[in-house]
Every structure is written in structure tokens, then in C-alpha cells.
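Worksheet: one structure, shown below.
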Amino acid sequence: MDAEKFWDKAAEKYAKSSVGNEALYQEKLEATQRYFNAESVVLELGCGTGTTSIHHAPAVKHILATDISNSMLDIGRRRASEAGVENVTFQQVTVQNLKADPASFDVVLALNILHLIDDPAGVVNKVS
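Residue numbers (UniProt numbering): 1 to 128.
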């Protein structure tokens with residue numbers, strides 16, 4: 001099974017699961033938010049169901065939240081709408097096929113994804 005199909009199939013269950021270590025997740029959110037300001041344009045790679053992007057949305061100008069799975073993105077869109085978040089755009093794209101110019105972003109987030117990529121160093125080079 002390819003990655004897109006795997007995550008599409010897992011999306012609903014993933015969305016219902018809780019964070020394994022809530023305190024650590026909150027610490028990660030606080031640490032990443034230190035890099036933002038109200039004018040920041042952020043790229044999130046592997047956004048999943050959008051939880052992190054939705055959390056950070058009030059602190060930034062815009063977030064492009066990307067993922068391989070349309071099912072994950074649909075959940076993210078729904079959650080953003082329910083939360084009244086309007087400055088997050090969800091886009092289905094693989095990290096390797098990202099067409100956006102990395103220079104157009106102030107911050108790039110790649111949380112919990114690099115271990116899932118065949119060439120993590122190549123991805124880091126692409127977006128840096």
C-alpha cells in the first residue's frame with residue numbers, strides 16, 4: 001500500500017486518537033511559536049489533520065498546510081472551519097513535489113514527518 005492510501009485509510013482513526021504525550025506536544029507548540037510573529041507566513045509539511053496549523057493560525061499571517069493524504073486534509077479543513085480559522089490553506093502535495101518557493105515562507109515546520117521520507121536531507125535542503 002502506498003503512503004497516500006495508507007494515510008487516507010488511517011485518517012478518521014488518527015483524528016480520533018489523542019496525543020501520546022500531551023505535555024511534550026504543548027512544549028513543542030510553545031517552542032515552535034517562538035519563531036512566529038503576526039506577519040509570518042508558514043509552511044507546514046505533513047500537517048496531517050491540521051492540529052498544529054490550526055493552533056498556530058492566530059499567531060501568524062498565513063499557513064500553507066500540506067500533506068499527502070486528502071482524507072487528512074479534509075479533516076483539517078473541517079476542523080479549521082469549526083474553529084473559525086481562515087488563514088490556513090490546506091494543499092495535497094508530497095514533500096518531494098512541493099512547487100511553492102521556499103523563500104516565500106518565513107518558517108517551515110516539518111514535525112513528525114522526516115522519519116517517513118526516503119531522503120530527509122534532500123527535503124531539508126529543498127525548503128531551506
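Glycine included, every Cβ here is placed at the ideal spot set by N, Cα and C. Quick caveat, the model's predicted, so the values are computed rather than measured.
Residue nearest to residue 57 within the set 72, 12 and 83 is 83 (criterion: CA-CA distance). In the three-state reduction of the DSSP assignment, residue 43 falls in the strand class, which pools E and B. Residue 90 counts as buried, since no fewer than 16 other beta carbons sit within 10 angstroms of its beta carbon.
For the pair residue 66 and residue 24, the Cα-to-Cα distance works out to about 23 Å. For the pair of segments examined, the stretch 97–112 was found to touch the stretch 46–62: the number of CB pairs separated by less than 8 Å reaches three.
The straight-line gap separating the alpha-carbon atoms of residue 29 and residue 36 is approximately 11 Å.
DSSP places residue 116 in the helix class (H, G or I) of the three-state scheme. At a Cβ-Cβ threshold of 8 Å, residue 60 and residue 105 do not count as neighbours. Going by beta carbons, residue 85 and residue 54 fall inside the 8 Å limit.
Under the DSSP definition of a beta bridge, residue 90 partners with 65.
Between the alpha carbons of residue 17 and residue 11 lies a gap of roughly 10 Å.
The straight-line gap separating the alpha-carbon atoms of residue 78 and residue 51 is approximately 11 Å.
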